[in-house]
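Since the structure comes first, as structure tokens, the remarks are kept for the end.
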DNA sequence: GCCAGGATTGTGACCGGTCACATAGGGGTC
DNA sequence: GACCCCTATGTGACCGGTCACAATCCTGGC
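Protein chains in written order, with our numbering: chain L, 476 to 882; chain E, 476 to 882.
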């Protein structure tokens, strides 16, 4: 029926209705799968839909129904491997659920700029996922108005895993719970809490959002649901690995902490040192990129006592590697280096980088799943397990030199 | 006036109207900056807006007015440096123009999947930017319905720069135009063409979208506007650089071509070889990531005659570097390697990578600017110059070994 | 043969804006 | 003072869906 040469505006349900000889409401029922439509009628309507190439207008749907089937991801960065992978995971899950995903970049960490971005994201409608790995993200997460559905991807759970104050009676009570089973613990990969006192879903909360061991947890920003990877444990493992190679201690080049408190990675590193009775050197502050690692590496290269360096991410490690090379110190012969994240290029560096692999994509999927659950009570919060952080042993770390490098 | 404890639904213009004692239309006039509103009235309305915390509902705006102030970016990948940077550039420009940006990932290059993604993007409303660096993207660009405003970010202009068939009378006639001025030519960095025969802007076309030299060009996918970086020229420069160091010829590890035709990078490389009278080895097919480079590098490492390798991107170069190292061939002592893109880590590799820097962020901004111009006739298409591709000389390329490595 | 009640279908209002047009007040100008 | 035009404001319809409710049809039970 596309007789006219003009590109007509797309067909609406009323167009379909007249074409099928029914009322617009019946068309609405058909496209929404309402049960009480006579099969013959449904047929006619579907035929008309097909013929006119009708597609339901997402904007009108959002306006009329309130549900917008959209997520906006707020992030400070889109180019770094970890961030980009999380975004990819979110998009993947969102696509599967027929949600559209928007992004908003937090270019500055200044309060007004962040607030403006949050506002913009809120205007878009739908849910919010905030990647809060850095000050801008943390601030954004804090600036989200209480009534907005939001999930945070955070670096550190509010209360570090420890003794469990599990209180099943009160799902709003912040509580973390970690259980171990020998060498390879089963981490609680993510879990969340329905925001306390949401208006529309007064008491449907709870079980659906619990991990399968029934534990719940609350985040740093006012009882919002969030997801995280167990960076503390990962750093702990990596440090232990380096120590087990025989190093006296392990130096640490830190990524900028998202909060004033110490990052989970730092905590894990510190814990491993303490358990081994190793001296704890001051962490060197890095940035996110290789330039920061390079600067840090230069300083560390000057100290001949340094034989092992753990870096907050693979980019930092790359910079450290380079600085060591420039200083003429061989890796892993004289100094061992380990990274964090297992970025795609790390395996191909020379020397290839020992690092801890984190499943960012899975983390993104988990974040979306959680948000999806908050947005639609109907949505199943299938436990989307995020894989355990995994130590990847490569060339950049080895035993320390036979005798102290001190001349 | 936030007396009730309830989180009320946000104020609408009618709420503001009654609060200010005017009609909703007057409120509409105020928020749209309509001139004929009495200053005192405007004051009252603005006060009411402020007091109620009114924010204009983007969804309703889109539905009522048709303009949605949104862009959707369709891309096959979000984690690779180039793609991510383009996305970042788009977001930056979009944010400045108060547009929201959505993303859609083309996970598969299969026709139905691609078509579905394009549909989804179309449903969102607003404009489209398709990153067509790969088969999935190219296919997506082709699948965009004619009536949808779209800009492609493409690898190769349809007709390679050459003799200019400039025909100012017919802006729809595909035509490219390149001019040179000595050693550092002023490339036409991007330019575009208003889609032919758009319904709503019959003859406002033309000048605004022209580059400042007045040239216009049409893309590979049916006279759609697009942007690109001059990869051909960049590859040409890089190859010339390697040849100027004394290499007999330069081998090439190619990124997958987005189309059946030869990529611009390949063309530039070939052209430089031809001009220098150097033999033209068969390009080695790589993939996008370091793994592909590694595989290609292994093969090239076997041939002792290979002394210079140009790679389609920095990730490939990384893999090649690694393969050469594994084969015991020193870089740049025995073999020189050059990359493409200047990814952030390339400067910190050992050896640091000679490469060609491309301004992906600028490219993204240009893409948005172009789309913005198509979407709103009012928008200025300020010539957003994308910087010229720039050869970055580092450690990985040097003169060939004194005598042929042949034993 | 009449009515309850479920299955089907239709009607009107509404979501929160915009657009096109109508309407009421002022100055001029002649 | 009639006429006109411009300024300032209001009214009703509309964008394309959904929701709440009413109306109609059909069937079975008594």
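Where a beta carbon is used, it is the ideal one built from N, C-alpha and C, also for glycine.
I'd like the ranges of any alpha helix (DSSP H) spanning at least 4 consecutive residues and lying wholly in the region 496 to 545 of chain L.
499 to 506, 514 to 527 and 533 to 540
At 4 residues or longer, what runs of the alpha helix (DSSP H) sit wholly inside the region 775 to 825 of chain E?
789 to 801
Of the residues 495/L, 862/L, 516/L and 876/L, which one's Cα is nearest the Cα of residue 833/L?
As a position in the first chain, residue 833/L is number 358, starting the count at 1. When each option's Cα is compared against that of residue 833/L, the closest is 862/L.
Give, in chain order, every unbroken run of the alpha helix (DSSP H) that is at least 4 residues long and sits entirely within the region 713 to 741 of chain E.
none
Under 7 Å by beta carbon: chain E residues contacting residue 578/L
Translated into positions along the first chain, residue 578/L becomes position 103. Ordered by position in chain E, the residues that pass the 7 Å Cβ test against residue 578/L are 566, 576 and 578.
For residue 869/E, which residues in the same chain have their Cβ closer than 6 Å to its Cβ, ignoring the five residues on either side in sequence?
For the purposes of this step, residue 869/E is taken as residue 394 along the second chain, with counting starting at 1. Only 827, 828 and 829 meet the Cβ criterion.
What does residue 794/E reach in chain L if we use C-beta pairs closer than 8 Å?
Residue 794/E sits at position 319 when you count from the first residue of the second chain. The answer, in chain order, is 823.
Using the Cα positions of residue 674/E and residue 542/E, report the straight-line distance between them to the nearest angstrom.
Here the question's residue 674/E lines up with position 199 in the second chain. Here the question's residue 542/E lines up with position 67 in the second chain. Residue placement at residue 674/E is poorly supported in this model, since its pLDDT is 28, which falls under 50; the coordinates still yield a value, given next. Each residue's Cα considered, the two are about 15 Å apart.
What residues are listed by DSSP as bridge partners for residue 434/E?
With chain E covering 476 to 882 only, the question about residue 434/E has no answer from this structure.
Exposed unless 16 or more other CB atoms sit within 10 angstroms - verdict on residue 656/L
Here residue 656/L corresponds to residue number 181 of the first chain, with the count starting at 1. Per-residue confidence for residue 656/L stands at a pLDDT of 26, beneath the threshold of 50, marking its modelled position as unreliable; the derived number appears in the next sentence. The residue in question, residue 656/L, is exposed, as its Cβ has fewer than 16 Cβ neighbours within 10 Å.
Checking contacts by CB at 8 Å: is residue 870/L closer than that to chain E?
Indexing the first chain from 1 puts residue 870/L at position 395. No, its Cβ sits nowhere closer than 8 Å to a Cβ of chain E.
Compile a chain-ordered list of the residues in the region 768 to 788 of chain L whose CB is closer than 7 Å to at least one CB of chain E.
769
Straight-line CA distance for residue 691/L to residue 627/L?
For this step, residue 691/L is matched to residue 216 along the first chain. For this step, residue 627/L is matched to residue 152 along the first chain. Any reading at residue 691/L must be qualified, since the residue scores a pLDDT of 27, below 50, and its modelled position is unreliable; the value itself is stated next. Those two C-alpha atoms are separated by around 15 Å.
Going by DSSP in three states, residue 627/E sits in which element: helix, strand or coil?
As a working mapping, residue 627/E is identified with position 152 in the second chain. Looking at residue 627/E - three-state DSSP - the assignment turns out to be strand.
Within a Cβ cutoff of 6 Å, which residues of the same chain sit near residue 517/L, ignoring the five residues on either side of it in sequence?
Reading the first chain from its first residue, position 42 is the one you call residue 517/L. The answer, listed in chain order, is 505.
Beta-carbon separation (whole angstroms), residue 703/E vs residue 629/E, contact threshold 8 Å:
Translated into positions along the second chain, residue 703/E becomes position 228. Translated into positions along the second chain, residue 629/E becomes position 154. Their Cβ separation, rounded to whole angstroms, is 5 Å, which keeps residue 703/E and residue 629/E in contact under 8 Å.
For residue 790/L, return the contacting residues in chain E, with the cut-off set at a CB-CB distance below 9 Å.
The residue you call residue 790/L lines up with position 315 of the first chain. By Cβ distance, chain E contributes 819, 820 and 823.
Contact under 8 Å by Cβ, residue 740/E with residue 815/E:
Within the second chain, the letter at position 265 stands for residue 740/E. Within the second chain, the letter at position 340 stands for residue 815/E. Yes, these two residues count as a Cβ contact at 8 Å.
Helix, strand or coil for residue 619/E per DSSP?
The residue given as residue 619/E occupies position 144 in the second chain. Residue 619/E falls in the coil class under three-state DSSP.
Please list, in chain order, the residues of the region 799 to 814 of chain L that have any C-beta partner in chain E closer than 8 Å.
800
Under 8 Å by Cβ, that's how I've got residue 776/E and residue 799/E pegged, so tell me the actual separation to the nearest angstrom.
For this step, residue 776/E is matched to residue 301 along the second chain. For this step, residue 799/E is matched to residue 324 along the second chain. With a Cβ gap of about 5 Å, residue 776/E and residue 799/E count as contacting.
Report the three-state DSSP secondary structure of residue 884/E (helix, strand or coil).
Coverage of chain E is limited to positions 476 through 882, which leaves residue 884/E absent and any answer about it impossible.
Please confirm whether residue 797/E has its beta-carbon closer than 8 Å to some beta-carbon of chain L.
Residue 797/E sits at position 322 when you count from the first residue of the second chain. By this cut-off, residue 797/E is an interface position.
Using three-state DSSP, classify residue 694/L as helix, strand or coil.
Indexing the first chain from 1 puts residue 694/L at position 219. Because residue 694/L carries a pLDDT of 39, less than 50, the predicted location of this residue cannot be relied on, and no value is offered for it.
Given this structure, state the Cα-to-Cα distance separating residue 502/E from residue 490/L, to the nearest angstrom.
Here residue 502/E is taken as the residue at index 27 of the second chain, counted from 1. Here residue 490/L is taken as the residue at index 15 of the first chain, counted from 1. Roughly 33 Å between the two C-alpha positions.
Quick check: residue 534/L and residue 602/E, are their CB atoms within less than 8 Å of each other?
Numbered from 1 along the first chain, position 59 holds the residue referred to as residue 534/L. Numbered from 1 along the second chain, position 127 holds the residue referred to as residue 602/E. Result no, Cβ atoms of residue 534/L and residue 602/E do not sit closer than 8 Å.
Using a Cβ cut-off of 9 Å, which residues of the region 748 to 770 of chain E contact any Cβ in chain L, in chain order?
764, 765, 766, 768 and 769
May I have the straight-line CA-CA distance separating residue 532/E from residue 710/E, to the nearest angstrom?
Against the second chain, residue 532/E aligns to sequence position 57. Against the second chain, residue 710/E aligns to sequence position 235. Computed Cα separation, rounded: 48 Å.
Can you check whether the C-beta of residue 534/E is within less than 8 Å of a C-beta belonging to chain L?
Here residue 534/E corresponds to residue number 59 of the second chain, with the count starting at 1. Chain L, which has a Cβ nearer than 8 Å to the Cβ of residue 534/E, makes this yes.
Residue(s) in a DSSP beta bridge with residue 868/E:
The residue you call residue 868/E lines up with position 393 of the second chain. Paired residue(s): none; residue 868/E is not in a bridge.
Kindly indicate the opening and closing residues of the beta strand (DSSP E) around residue 830/E.
The sequence position of residue 830/E within the second chain is 355, counting from 1. It spans 830 to 832 - the beta strand (DSSP E) in which residue 830/E sits, taken as one unbroken run.
Please compile the residues from chain L whose C-beta is within a distance smaller than 9 Å of the C-beta of residue 570/E.
As a first step, residue 570/E is located in the second chain; it is residue number 95 there, counting from the start. The answer, in chain order, is 579, 580, 582, 592 and 595.
Looking at the unbroken alpha helix (DSSP H) that takes in residue 755/L, where does it start and where does it end?
By 1-based counting over the first chain, the position of residue 755/L is 280. Here residue 755/L belongs to no alpha helix (DSSP H), and DSSP marks it neither H nor E.
If you draw a straight line from the C-alpha of residue 550/L to the C-alpha of residue 726/L, how long is it?
Taking the first residue of the first chain as 1, we reach residue 550/L at position 75. Taking the first residue of the first chain as 1, we reach residue 726/L at position 251. When rounded, the distance between both Cα atoms is 29 Å.
Going by C-alpha to C-alpha distance, which of 557/L, 552/L, 849/L and 865/L sits closest to residue 578/L?
Looking up residue 578/L in the first chain gives position 103. Of the candidates 557/L, 552/L, 849/L and 865/L, the one whose C-alpha sits nearest the C-alpha of residue 578/L is 552/L.
Whether residue 581/E touches residue 612/E by CB criterion (8 Å):
Stepping through the second chain from its first residue, residue 581/E is reached at position 106. Stepping through the second chain from its first residue, residue 612/E is reached at position 137. In contact: residue 581/E and residue 612/E (Cβ atoms closer than 8 Å).
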